[in-house]
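The block underneath contains the structure these notes are about, expressed in structure tokens.
Protein chains: 2
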Amino acid sequence: MARVTASAIMELIKTTAGGNYISFASGLPDPALFPVDRVRELADAVLTEDGRAALQYGPAEGYPPLRALIAETLRGRGLAAGPENILITNGSQQALDLAVRALLNPGEGVVLENPSYLAAVQAFDSYEARYHVLPLDDGGMVTEALPAALAERPALAYTLPNFQNPTGLTLTGERRAELAEAIAGAGIALLEDDAYHDLRFEGDSLPSVCALAENPRAVYCGTLSKTIAPGLRVGYLCAEASLVVRLGQLKQITDLHTGSFTQRIVYRYCERGWLEPGIRAFCESYRRRRDVLLEALAAELTGIVRWTRPAGGMFVWVTLPEGHHTGALLEQAMRRGIVFVPGASFHPGGGGENTLRLNFVSATEEKIREGIGILSGVIRESLA
Amino acid sequence: MARVTASAIMELIKTTAGGNYISFASGLPDPALFPVDRVRELADAVLTEDGRAALQYGPAEGYPPLRALIAETLRGRGLAAGPENILITNGSQQALDLAVRALLNPGEGVVLENPSYLAAVQAFDSYEARYHVLPLDDGGMVTEALPAALAERPALAYTLPNFQNPTGLTLTGERRAELAEAIAGAGIALLEDDAYHDLRFEGDSLPSVCALAENPRAVYCGTLSKTIAPGLRVGYLCAEASLVVRLGQLKQITDLHTGSFTQRIVYRYCERGWLEPGIRAFCESYRRRRDVLLEALAAELTGIVRWTRPAGGMFVWVTLPEGHHTGALLEQAMRRGIVFVPGASFHPGGGGENTLRLNFVSATEEKIREGIGILSGVIRESLA
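As structure tokens, this is what we get:
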């Protein structure tokens, strides 16, 4: 436990929540986009028609109709899923944590991207994981580095194939197949974090890594937090039925089950056919904001810094020339009213001091333009 | 993880949920008592007045007004609590699990009552705990046995002082002070599970064990599951501020935070002054059901078996003469349409094959009478 410390991002969000900052720091979507009226209508319907069950204890594995519905959704992503393969969790964070708790012994090794999702790394840290890190390029995780990492006999591989947090990068189809086969061949567990799957602005959906090779210890994690609302805390995992039984036992000792009321709201939201148009609305808004951010970066910082061009998700990753430290930059930025997350904290393998993460889904288009103006000024001054 | 297996109770609940059994087995309250209309009114108010925040991510430690309100409640139980001492969790089960995860290393010892709460024992099991068990009598945990247990250098003591699950027994005031001082004196962690605190039908409330001695690693766990509704999954823990910071970091990697929407519903429910009358309504109904159960046992089984007379909570504990096995009895009982939980599974220290747990809050008074009639027949036949 000594390795679990406060998340730099969460501390930053707390510090800046009260102020008038333009925030590129958090993973918080703009709440103006949440379907408040629809959730209110459904909350009322659930309590009117099914109120007693909605307030009662429920099964550890989740509300059966929701498990069936998620299974159907995941068959569309190439996964051979039935209800028995699904466990409902409090967001995908709990799916990750349960999987790690079941599949990783203290001190064992984890193969993962460098940089990677901070709260997953913290979950690994809590089990005293050792890291075997793989670099990223425009095609996502560089799989050429995989054989060397697997030779170190890790217990688990962790990947975010779509619009990775923090870089926004997407793993190519070819590399997905390579990764899936190499992991299965090595006989180790695979943890696929696909929280951003539906937030694709362009291009075709790629098959999930878990779908590309037979692996009895493959766990696929997803969520409704990005496509309905995070405050409901409904996510899920998909795995072999026998592993889901095991994870359900663990879920039970962890917190008995995910909320009966909120699971029913999410189920009805999907059942009414509101999910697809809801996703389109999120994507349209996020795509416009991404475009504004990319245009502003191009106008202000071309030839000065590099950045990713994500096909979806929530984040753009900026790389300054070697030797420049974004941690020092943050202080300047905050003094002028903007916040971002310095990239070093996302690097379980170290490095990344010259990188930073920009979220494009919190601020409005106007504020993004204004904020990138300020950021560009700070960067240009520091490089001068 | 190999030690975590399916809960016998949960499996039983699944098996019998579809059928026409009279259930004394589960810990599920009668859903007819849930305040469905009030929750619907509040769900609507929360989404109308505070909808965006209710659907947004929130702080790991919980919704600040709810933390303050719980702190105020706990000051009434003798705990020196401010908002900084409170962490909001998904029911008290998660409070237990987080505390164990932070305070117990694999293989360390736990002092606890024998029998004890099954899902807590399973959480301890998941950390490969060793057990030092203490017997119970009518005054709760027998503290005379404590010095010998503490001499074995355990890391943590776990107790349910009020209307213990599974026995219904309450720890006396004198023993609470003894226990608190002995634990603090030994310098080990104290985990107090007070999930049933408000379900007191008679007699005065006793001070919490955590309030009776200075202990920097004392964690007090409670819940709104028994006093509003379990399906909302809102519980809490109370501990020293620095420990709450640590547990908040752990909560974050576990599932980020407890639902923003449901926390706000619970907060408003309390703020409107509905909690106290709600508790009175639960207690009146549960007290009547307990009385019906105790009267039926007295009429049918006096001199044949022994049972506890709980001053609150949800459970009565029945002890058959030595040498009789309630596991074998269950089969007979189920054939005639009733279910209970055989007591052996609640015993981390072994024993209890001649005991069983009866829940008196699931079935109606009429069904309780009918069910105890059946149970008495089965018991008398088996003893004949």
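Chains as they are written, first to last, in this note's numbering: chain E, -10 to 373; chain U, -10 to 373. No residue lacks a Cβ here, since even glycine has one placed at the ideal position from N, Cα and C.
For U/N103, no pairing in a beta bridge is given by DSSP. Interface flag for U/L245 against chain E is set, since a Cβ pair is found closer than 7 Å. The C-beta of U/P266 comes no closer than 7 Å to any C-beta of chain E. Taking E/F23 as the centre and dropping the five residues before and after it, the same chain places the C-beta of A218 closer than 7 Å to its C-beta, in chain order.
A check of alpha carbon separations from U/T78 across U/I59, U/R27, U/A69 and U/L68 identifies U/I59 as the nearest. U/R346 and U/T161 have their C-alpha atoms roughly 22 Å apart. Nearest to E/L55 by alpha-carbon distance, out of E/G339, E/D26 and E/L76, is E/L76. Comparing alpha-carbon positions, the option among E/G220, E/S231, E/L318 and E/E359 lying closest to E/R278 turns out to be E/E359. Here U/H186 is buried. Its C-beta has 16 or more other C-beta atoms within 10 Å. Here U/F113 has V99 as same chain residues with Cβ atoms under 6 Å from its own Cβ, once five neighbours each way along the sequence are excluded. In summary, U/H314 is exposed, with fewer than 16 beta-carbon neighbours lying within 10 Å of its beta-carbon over all protein chains present. Contact check for E/Y106 against E/N154 passes: the beta carbons are separated by less than 7 Å. Under the three-state reduction of DSSP, U/R295 is assigned to strand.
Membership of E/C227 in the beta strand (DSSP E) is indicated by the continuous run G224 to C227. The beta carbon of U/E311 is closer than 8 Å to those of N343 in its chain, skipping five residues each way along the sequence. Leaving aside the five residues that flank U/A138 on each side, the residues in its chain whose CB is nearer than 7 Å to its CB run, in chain order, V100, H121 and L123. Residues of the same chain with a CB within less than 6 Å of the CB of U/L213, apart from the 5 flanking positions on each side, are V223 and V255 in chain order. For E/T251, the enclosing alpha helix (DSSP H) starts and ends at S249 to E260. E/F304: not part of any alpha helix (DSSP H); member of the beta strand (DSSP E) spanning F304 to T308, first to last residue.
Here the C-alpha atom of E/Y46 lies approximately 27 Å from the C-alpha atom of U/Q238. In the three-state reduction of the DSSP assignment, U/P331 falls in the strand class. In this structure, E/L125 keeps its C-beta atom at 7 Å or more from the C-beta atom of E/C227.
Within chain E, R29, A32 and D33 have C-beta atoms less than 8 Å from the C-beta of U/D33, given in sequence order. Neighbours of E/A112 in chain U, taken as residues whose beta carbon is under 7 Å from its own, are I242 in chain order.
Excluding its 5 nearest sequence neighbours in each direction, E/L286 has C-beta neighbours in its own chain below 7 Å: W296 and I361, listed in chain order.
Contact with chain U is found for E/F23, since one of that chain's Cβ atoms lies less than 7 Å from the residue's Cβ.
When secondary structure is reduced to three states using DSSP, U/N74 falls in the helix class. Going by DSSP, U/L239 is part of no beta strand (DSSP E) but of the alpha helix (DSSP H) stretching over A230 to D244. Taking a cut-off of 8 Å on C-beta distances, the region 181 to 200 of chain U does not touch the region 323 to 336 of chain U, as fewer than three cross pairs fall below it.
Boundaries of the beta strand (DSSP E) around U/G211: A207 to T212.
Excluding the 5 residues flanking it on each side, E/A173 has same chain C-beta neighbours closer than 7 Å at A202, E203 and N204, in chain order. Within the same chain, and ignoring the five residues on either side of E/A178 in sequence, the residues whose Cβ sits closer than 6 Å to its Cβ are L92, L145 and R206.
E/N79 belongs to the set of residues whose beta carbon lies under 7 Å from a beta carbon in chain U. The DSSP-derived three-state label of E/A144 is coil. Membership of E/V122 in the beta strand (DSSP E) is indicated by the continuous run R119 to L123. Residue environment for U/I293: exposed (fewer than 16 other C-beta atoms within 10 angstroms of its C-beta).
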